[in-house]
Every structure is written in C-alpha cells, then in structure tokens.
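Protein chains in written order, with our numbering: chain A, 789 to 1358; chain B, 789 to 1358.
Ideal Cβ placement from N, Cα and C applies to all residues, glycine included.
Predicted model, so just to flag it, every value in this text is computed and none were measured.
Okay, so here's the structure we're looking at.
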C-alpha cells in the first residue's frame, strides 16, 4: 500500500470531547470516526486492526474445535420472551416493530438463539458442542462514552458450550478460559481474571478478564499474596473492626436538628462516628419497599443487592415513597421497630451494638441500638464495597484496589436457557435432560481500544506486531529522487513478497511530517530511506517501542526486517 | 473435522413451505435454519461457504487496490435526510427511536455514510479512492421468500468509488465490472451483465449481473446476435407493427355493454383487436392524477414509469379517485378530450390511427381515434414490456426472454450523494467540486443460494471446489475396524496437512446413510475407505459432479486427491 493512495486522515488535534487515551488517539491517528453517540465507523487502519484481532480469536477458537456460525441481528420477540429477557432488558435492547407490526429486537447477545438451535441436538453422544460466531451486537447504552470503550454497536465473538452435565461444563469453561488467556497474550494485554457478577445473564458463576487501566469503569480488589481477585460487584473482605458505641438497655431517642448525612451526625456534638451509625437505604423492588442497612462507613454495591433479589424492576425509592412508608425524610430513617417492610442488612452489622440510626421522625435519631436485638432483619447479605487495605477474605493479607477495563466475560449458565428454549437431549439412561450451557464473550472493538490504552506514549500508539495495521512503514526522504524511491520500492516489494504488512510512505511531505504520522499511527518498525544513507549503502531501521535505531545494509535490509517481524508474530 | 463431532443436522424432508431449490437444499442439508420471516441463521456448513465467498470477494477487491472499512448498521436519521432517502425509502427501511427519542435507521446501503466520510478528502490528488466493506444490511421486504434469495437481513460487500470527473468514474466502474466478472467466474456462476433501472439509488446508469434461473424474480431480454441485454425494467425492442383500424374524421362513440377488459372488447362483435385498442391506466403521482396510455396488447413496466416521474409517492389511483377524475369506471376510460390531467403515452402509440378507447362514460367506447390528433399527450415514453421474439432495438434480430436472479448491481451515481453530503475536493484549478461516485453491491447470502441454484441434482448440492464447505469427505465404511479407521485417519491427516478442507465421516452409520449425506451436503470429492479395498491396497475416489469413481493406491491417495483439489481451486 502506498501512503499517498491510502485514506489515513490524521488530525492535528484530539477530538474535543475525548477523555480516554484510546479515544483520542484512534480518532487523531485516523482509525475511526464517530457517526452518532456510541456508534463508530472504522476507517481502513481501524479495520485492519479489527481483522487481525478477529483472526487471532478465530484461530484460538478453532484450536478448541469450536464451530463457527453466523446468526442474525434481527430477533423475534417470541424467542426472548421464552427466557423472560425481552421485558427484563427493556430499554437496553433496541426493540421495535417491523412493517407488519411484529415485535423485533436487535441481538445484544445470542443465548436464546443458540439454545433454540441446540434443540436439534438429540443425544448426549453429540455432546460436548462449542458454537461461536463473530457478530454485531447492539446495546442502547444510556451513557455511551470513551470512544470504543462504551458503545451502542460493536463486533463480538460470542461462544456457547453445551454439555451433558456440570462436570462437562467445568471442562468447557476451562477450555475457554485457557483460549482467552492465549488470546490476550497474543493481543499484548496483561489481564487478570476476576470473579464477577453474572448480572442479567443468570447462571452460577462468571469470570471477567480485566485490564488494569484508569480508562476502565470497573473496580477490582485483588490479593497479591493468595491470588484472590474479584470485581467490586462481587468482592468480599474481612470487615475491619470498629469500636462499639455505648450499650443501652433499649434504644433512646435524641434530637439531631439539621442532620441530613452520616457525616453531619459524625460531626455533631453528642453524635457518633460513621462506623457506629447504621446507614438506611430504601429501595423499590417490584414496587415493594425494601430497607437496606449498612454500617455508616460502608458503601452499598447495588449489583450485589440486585444479584440477591429476584426482581424485574429494581430502583431506589422516591422521596414520596419513603415518606409514605416510614413517615420521615432521608437523613432520619431507620429500621428499628419496622415490621411492614422487608429489611436486608449487610453482614458488617452482625453483632454490632451501641449503634445510632434514624428514628423515622424528622431530625431525631436513636442511640444504643443493638442490631440483632432491636431490628427485625429478614435477610443478611454481603452488600458492602471493599476498601483498599482490608484483609483478603481468603488469606487475610491486605487487598489492593484498582480500576479496570473488562475485556471479556465468561459465564457458567447451567440450564436456564436450555430449559426455557427446549434444548434437551437423551442422556445415557435414555432420559431427556436439558443441556448444560456456558457462554463466553469478547468484544473486538473494545479490545482494539484496550490495546491502545495499554500501548501508547506521547507521540501516539505503539501497536504490538500481532495487531498492527501495518508492521513496517518505509519512509522515503526524497520520493522525487529516483534512486531513493526505487531503493525504497525494492525493499517494499521484498517485504510484501514475504508477507509483511508494509506501507510505503511516498508522500511529497517533509520527513518530520512523515515521522510524526508514523509514530502517531503506531507502526512497530520504520525504515528510513534517504540519499545520504543510500550513498553509504545503508537504510535506517527504527523500532517504535524503544526508539532504538540501527543501520541496515540496503541490500540485506528487507531480509533482516522480515526476520524481526516474523520473530515477534505469535 | 470429524463428522461425528460436527453440527450437520441433515433432514429427511424438504421444509414444508420451500419452493426454490436452494431453499429446500440448504435447509435439508443442514446449512441454515429460519429464525423468522426472511431472517436465517447460518449453521457451520453455511458459514463455511459464506466465508469462502467473502474471501474470494475480498481478494478481488484488494486486487483493485480498494480499501476495506467497517461502517455501522445504526444510522442517524439526519444523514439520510440530507439525501432525502429517509422519507423516500419509508417502510422498506427499519426505522425506530432509541431510548433518548432520536430517530435511528438500520443501514440498507451506505452511500450516505461513505459520502459523509469522503468529505474529509481535500484534493483531486487523493483521487481516485475505492472504499468497501462487508456489512450486514437490513431491508424490511414486504414479501420475504425463497430462503436466502429474498431476505430482510443479509451480508453485503458494498463498495464506493470516488473520482474527480466522469471519465474517472468510467474507469472505476470498468475496474469494478471486471472484478465482478472474476468473482462470478470463481464462484462458478455464469452471469450476464444487463442494463438495469437504478431505482431509488439514483444516478445515470446501472448494470446488473444476472444468473439465468427460474428461481429468479427478474426478466431479462437478450439478443444473441449483438449481445444486447437488459432487465425488463429497462429493456426496449422494435415495436411490432399492427394493422391499423378504420380511420375516421373524428372519434365516434359506440355502446359496449358489459365490456370491462381489452379482451372483452376484442371478442365483442364490432369491437377491435387488442393492438388497435388504447389501454388507459390511472396513477396517483404525489397525489396528482396521471393517465398512462399503452397499446392494448402491451403491458406497462411500472419501474419505467417510476424512473421517469420524479415522485415521493407513486401508486395506482383508487376506483374512487378514477371515478372522480374521469366520471367513469375502469373498462371505459380514455384520454380523448382530457385536458385537466397529465397524459403520458407509450412510444408504441405514436402515429397510430383507427384506435378504440374508452369514452369516459360507463359501457361506451370511442372508435376511429387518431392518437396524436385526438389526445393531448404531455409526454412520450418507453413504458411497454418487451416480448420474446421482438426485434432487438440495436440489430433487429429476435430477442430472447428469460427469468433471472440478480446477483450483483453496480451504479454510476454521479454527484447526487457527494453534493448532498458535502464530499467536495479542490480540482486542479483550485475550485471546489463534488466527487463523482459509483456504488457496487454484491449480496453474499444470495450468491451462496445462487451457487446452489446453479449446481445441484436430485441427490443434493454440488459445490464448486472454490466455495465447498469441505472439499473432501472421507467415508469410513467400518469405523470400528481399527485398520479401516487408521487408514482413513492417515489420509485425513495428510490432506489437512496440505491445507485441504476435509471432513472424516467416522459416524457409526450404514455406508448408505453416509453416502447420501455426503451427496446431499454436496462435497466435491468423496474417498471411501473400506476393508475390502484396503485388502487390495486401494481406496475409492468419487467425484460428486460426474459420479465418476476410480481406485487410488492407499499410500498415494492423499497426494493424488490434493492434486485434484488444488487443480480446481482458482
């Protein structure tokens, strides 16, 4: 490819609204353009990288003997109704009517459709099966942002395993786990596998592959000592002790004028430290009021709550609902004496006494509360957010906490979808049983951006050879000098001949412009062909990552460069 | 791949509602399943073929130096409004609102989006450019049918050329034309290139690639003598002469009781042959009444009319509208004396006299009509449908007429889209001019089905090697016989080693079942490995297309088979 003929619209400035590094660089270096919120066009450079990522993922899937399918984007409502997800996903899924008035949705994922196809399996002898596809997924994200990191349309490799039993699922899950590890290694991404919430997907267990980066939106708690790692949505720790407040025979009401928050009460003369307060949150779960209690110094992880209450509709209660239920405004709420509503308490409150909580009377609180004595707790759950330095639940060593980007998510689904969609086979005893499913997803566009987040510097992107849009750029210093151009062209042709992805920068531009573009685009190797070097029989090779340069004999340059590149490909 | 591990759900019977051969065979042989009307899941076999077609198309596109993109499926209304197609396409396009109430459509084609991107081009020096992608397209077909032949979701390779002038467009168009010819040759499709209507795409010229098959929905008129070929939507011919009726000084009214049709009047005592009648059709064009006249023995090609009237809204007028406009019912309509409405006449009526037409009075007609004397024709157009045997408009030799399937369509668009979307560059004189565009589309799924239409017999599909899901199947007669299985496996491994797509049919089934499945699926070469042959040191090779069999020495079998296959690949 000649650079002069290629469409590589590099820009001088970052896009106005971009914050994530990958967003800035991918737009500025001409890899993509936004079409609408959360929807991007991949230009030739972006597409080249996507194709290489796709190739790596396909190779690793095929290595596991998975079979590739191609399922539709348009799904009939009926199939999603069978799993109950049509209503559950609601506005996150693009749903509309076709010209005949039938309800249609755009696929966010394909558990239902694959399980539907799996209903053609007849016998355990046909199992295990592993099916996958590369397909466009659509999610009507409420807040698309950060370029390719949070989008409304993207290409995903999703796969689905079908086994006769849980032991089979464990093996299929492990097979996928290993394949994903190989994929990330080849993409140049150092990921950590963490326990995660399965969310609306359902099933018994799920693992996310996480890349540590501030561009991520997830928090992970990890233990260097024993290797424990979990998404905040799932992470637990040893709850740090806190001094107990004064015990009383019964709760005692006291005025707290102007107190609205945990902090207000901690600062009030005669108040209580946050750890001795009970935080009372009110939720509406399928239109029923539920009280959620935590220690005053803890934060609720809403997903933990969502994972533990089976609900179609789940939201914080409104101020009006709270007033109607408890007779007080937020700031003075509590669960002491509450009988009509379901009360869920975080495990951090077990055994606590001498606590302070709202009195359900505006500007009054109760002190001397003993949680298990004074509050009718209907359910104890782990709901609190882990904090850095808390003891690992497994080994007690202090936990690290950092921001991550989810680059893949794999699920043990069990039989939720196979039962709903009728994917049953005869087992060895001739009995019909639902197949046991797993589901495994990796978003290609997000991984493309993740590679940029992991590999860049001030000058631009630094692609690993495996996924570089071009592996080598040949910059001709004086393209109008016939000697120069022909020498460059000979090297170019020799590289192409050997299957090296090469672009020849033949543009009539100053060398500085060419070098800057090459660095910005992030091509791993740059060969500079200039009249001075040629006179000495050499061209210059520069490695993008290290900045190291060396002279190569012109006649042997192509061979040496090809060796470097092939050596780095995996 | 072992057949026993593969998901190849062959069926005993054709699907109930299928008529097209490709629809029947692709379902029965386990290549695809319907998910909803006009929407199909491709199973592993179907996907394998699609990938090979994609590979061929990509190779031929890259040979022309076109650059691959990847554009979104979700499009904002604004961009489609700029070309006016949001309203024009209406219910054919899936259009809906996202969660924020913005109007979004699913891409049917990408002229608007590519032209929008092309607005980043600056100078004629960057031209020509050729941009393409493989992407899912959505069309809400009113009548999806025939399996993959008429669907609502499909994968398309669409490309777009951008040139500085018409001469450049001609070159780009020719380049694409040749690339498409190479593609069809490699797919094993004998296509004919025909003149076609550009329909809602606009532009000055378009060519369809047609495959002659009764499964098609288009009619083509072609001349063996001079090579002229055109879609009925565009085809012309020398209008056959017809005897003139009796001339009169002025039209004369006569009663025609019970006459409703051309045929009724032809059969009536004192009536007139169809060729001496005027057929009067009434259309509503943007809510204005238009009369369309043809010779009684001719049929209107509605697309020809649509191509010639610029209208957002175009439909046959209702009975009420006709009655209100002309004061009579269909069967007695005519244009003699009509002044208030636009009258369009087919060229076949030029110079005709002694004609009979309705009197705009129920059950009365006029005779002795001389078209140009008695009717105020506002526009003369070619509107009639060509008939087999009529003289070629170019050379006069008789035209053939046959049914075809459109497998690709290429358009000279001109500047319609570049003007609407602001794709302008500076020309050599430093003046801003819109780029001159072409657009080129080939549907992969439809071509997959077209190959089946062109290559099948009673036993099933006969894939050309280039696009076969597997090139070779090895059928083991006694898979439980260790010798047999190991011999088969050795051949299998040797073939895979040489890059031949091979499936080893190791199923514990009768040979008849395996052979039948292999024929149905349509694998070009079948190797039969059985104990009897092995004892003689041979295996049997059978060619699917010819049915020819030959014995190959077991030890050299793999090498010979690989040679056959590689020889047939193009």
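For chain A, is any of its Cβ atoms less than 8 Å away from the one on residue 831/B? Position 43 of the second chain, counted from the first residue, corresponds to residue 831/B. Yes - at least one Cβ of chain A is within 8 Å of the one on residue 831/B.
Can you give me, in chain order, the residues of the segment 887-908 of chain A that have a beta carbon less than 7 Å from any beta carbon in chain B? 887, 901, 905, 908
Is the Cβ of residue 1205/B closer than 8 Å to any Cβ of chain A? One-based indexing of the second chain puts residue 1205/B at position 417. Closer than 8 Å: no.
Determine the contact status of residue 1179/A and residue 988/A, defining contact as a CB-CB distance below 8 Å. Numbered from its first residue, the first chain carries residue 1179/A at position 391. Numbered from its first residue, the first chain carries residue 988/A at position 200. Result no, Cβ atoms of residue 1179/A and residue 988/A do not sit closer than 8 Å.
Quick check on this structure: which residue in 917/A, 1062/A, 866/A has the alpha carbon closest to the alpha carbon of residue 795/B? Locating residue 795/B in the second chain gives position 7, counting from the first residue. It is 917/A whose Cα lies nearest to the Cα of residue 795/B.
Cβ-based contacts, 9 Å cut-off: residues of the segment 840-869 of chain A near chain B: 853, 855, 856, 857, 858, 859, 860, 861, 862, 863, 864, 866, 867
Let me check one thing: in DSSP terms, what residues is residue 1043/B bridge-paired to? Working through the second chain from its first residue, we reach residue 1043/B at position 255. According to DSSP, residue 1043/B bridges with 1152/B.
Take residue 1283/A and list the residues in its own chain whose beta-carbon comes closer than 7 Å to its own, dropping the five residues that flank it on each side. By one-based count along the first chain, residue 1283/A stands at place 495. Counting only Cβ-Cβ distances below 7 Å, and skipping sequence neighbours, we find 1260, 1290, 1346, 1349, 1350.
Residue from 1301/B, 951/B, 1087/B, 799/B with nearest C-alpha to residue 1264/B: For this step, residue 1264/B is matched to residue 476 along the second chain. Answer by Cα proximity: 1301/B.
Rounding to the nearest angstrom, what Cα-Cα distance links residue 915/B and residue 922/B in this structure? The sequence position of residue 915/B within the second chain is 127, counting from 1. The sequence position of residue 922/B within the second chain is 134, counting from 1. Straight-line Cα distance between these residues: approximately 22 Å.
Taking Cβ positions only, does residue 821/A come closer than 8 Å to chain B? Residue numbering aside, residue 821/A sits at position 33 when the first chain is read from its first letter. So, interface residue.
Which residues of the segment 936-962 of chain B have a Cβ closer than 9 Å to any Cβ of chain A? Give them in chain order. 940, 941, 943
Host alpha helix (DSSP H) of residue 849/B (start-end): Here the question's residue 849/B lines up with position 61 in the second chain. Where residue 849/B is concerned, the enclosing alpha helix (DSSP H) stretches over 832-851.
Name the chain B residues whose beta carbon is nearer than 7 Å to that of residue 827/A? Translated into positions along the first chain, residue 827/A becomes position 39. Here the neighbours are 860, 862.
For residue 1333/A, which residues from the same chain have a beta carbon less than 6 Å from its beta carbon, with the 5 sequence-adjacent residues on both sides left out? Numbered from 1 along the first chain, position 545 holds the residue referred to as residue 1333/A. Answer for residue 1333/A: 1250, listed in chain order.
Tell me the rounded alpha-carbon separation between residue 907/A and residue 1016/A. As a first step, residue 907/A must be located in the first chain, where it is residue number 119. As a first step, residue 1016/A must be located in the first chain, where it is residue number 228. C-alpha separation (whole angstroms): 38 Å.
Nearest-angstrom Cβ-Cβ length linking residue 1086/B and residue 1136/B, presumed shorter than 8 Å: On the second chain, position 298 is the one that residue 1086/B refers to. On the second chain, position 348 is the one that residue 1136/B refers to. With 8 Å as the limit, residue 1086/B and residue 1136/B qualify as a contact, their Cβ atoms being about 6 Å apart.
I'd like the list of long-range same chain contacts for residue 926/B, defined as Cβ closer than 8 Å, with 5 residues on each side in sequence excluded. Mapped onto the second chain, residue 926/B falls at position 138. The residues are 861, 881, 882, 894, 895, 896, 940, 941.
Alpha-carbon to alpha-carbon, residue 1211/A and residue 1220/A: Locating residue 1220/A in the first chain gives position 432, counting from the first residue. Locating residue 1211/A in the first chain gives position 423, counting from the first residue. Distance between the alpha carbons of residue 1220/A and residue 1211/A: 10 Å.
Are any of the Cβ atoms in chain B nearer than 8 Å to that of residue 838/A? As a working note, residue 838/A is residue 50 in the first chain. True, the Cβ-Cβ gap to chain B drops below 8 Å.
Over the uninterrupted beta strand (DSSP E) stretch that includes residue 1104/B, give me the two end residues. Locating residue 1104/B in the second chain gives position 316, counting from the first residue. Its beta strand (DSSP E) spans residues 1102-1104.
Report the option in 1310/B, 859/B, 1208/B, 1324/B whose CA atom is closest to the CA atom of residue 868/B. Here residue 868/B is taken as the residue at index 80 of the second chain, counted from 1. Comparing Cα positions, the closest option is 1208/B.
Helix, strand or coil: how does DSSP classify residue 1316/B here? For the purposes of this step, residue 1316/B is taken as the residue at position 528 of the second chain. Reduced to three states, the DSSP call for residue 1316/B is strand.
Segment contact, 8 Å Cβ cut-off, at least three pairs: the segment 1088-1103 of chain B with the segment 1142-1162 of chain B: no
Quick one: what's got a C-beta closer than 6 Å to residue 1006/A's C-beta in the same chain, skipping five residues either side? Within the first chain, residue 1006/A is the residue found at index 218, counting from 1. So the qualifying residues of the chain are 1019, 1192, 1194.
What does the alpha-carbon distance come out to for the pair residue 1138/A and residue 1056/A? As a position in the first chain, residue 1138/A is number 350, starting the count at 1. As a position in the first chain, residue 1056/A is number 268, starting the count at 1. Cα-Cα distance, rounded: 25 Å.
For residue 1269/A, which residues in chain B fall below 8 Å Cβ to Cβ? For the purposes of this step, residue 1269/A is identified with residue 481 of the first chain, where counting begins at 1. Result: empty, since nearest Cβ-Cβ is about 20 Å, beyond 8 Å.
Are three or more beta carbon pairs between the segment 986-1004 of chain B and the segment 1199-1206 of chain B nearer than 8 Å? yes
Neighbour-count burial assignment, residue 1045/A, 16 or more Cβ in a 10 Å radius: What you label residue 1045/A is simply residue 257 of the first chain in a count that begins at 1. Under this definition residue 1045/A is an exposed residue.
Along the beta strand (DSSP E) that carries residue 1130/A, what are the first and last residues, could you check? Within the first chain, the letter at position 342 stands for residue 1130/A. Taken as a continuous stretch (DSSP letters only), the beta strand (DSSP E) holding residue 1130/A covers 1130-1134.
Presumed contact (8 Å Cβ cut-off) between residue 1243/A and residue 935/A, rounded CB distance: To locate residue 1243/A, count along the first chain from 1; it is residue 455. To locate residue 935/A, count along the first chain from 1; it is residue 147. Actually they are not in contact, since the Cβ atoms of residue 1243/A and residue 935/A sit about 15 Å apart, beyond 8 Å.
Taking C-beta pairs closer than 8 Å, name the residues in chain A that residue 1225/B reaches, listed in chain order. Locating residue 1225/B in the second chain gives position 437, counting from the first residue. Simply none; closest approach about 15 Å.
Name the DSSP bridge partner or partners of residue 1196/B? Residue numbering aside, residue 1196/B sits at position 408 when the second chain is read from its first letter. In the DSSP output, where bridge partners are listed per residue, residue 1196/B has 997/B.
Buried or exposed by the 16-neighbour rule on C-beta atoms within 10 Å, applied to residue 890/B: The count along the second chain starts at 1 and reaches residue 890/B at position 102. Exposed, since its Cβ has fewer than 16 Cβ neighbours within 10 Å.
Smallest Cα separation from residue 1288/B: which of 1353/B, 1163/B, 821/B, 1129/B? Position 500 of the second chain, counted from the start, is the residue given in the question as residue 1288/B. The residue with the shortest Cα to Cα distance from residue 1288/B is 1353/B.
Please state the DSSP three-state secondary structure of residue 1029/B. Locating residue 1029/B in the second chain gives position 241, counting from the first residue. Three-state DSSP puts residue 1029/B in coil, outside helix and strand.
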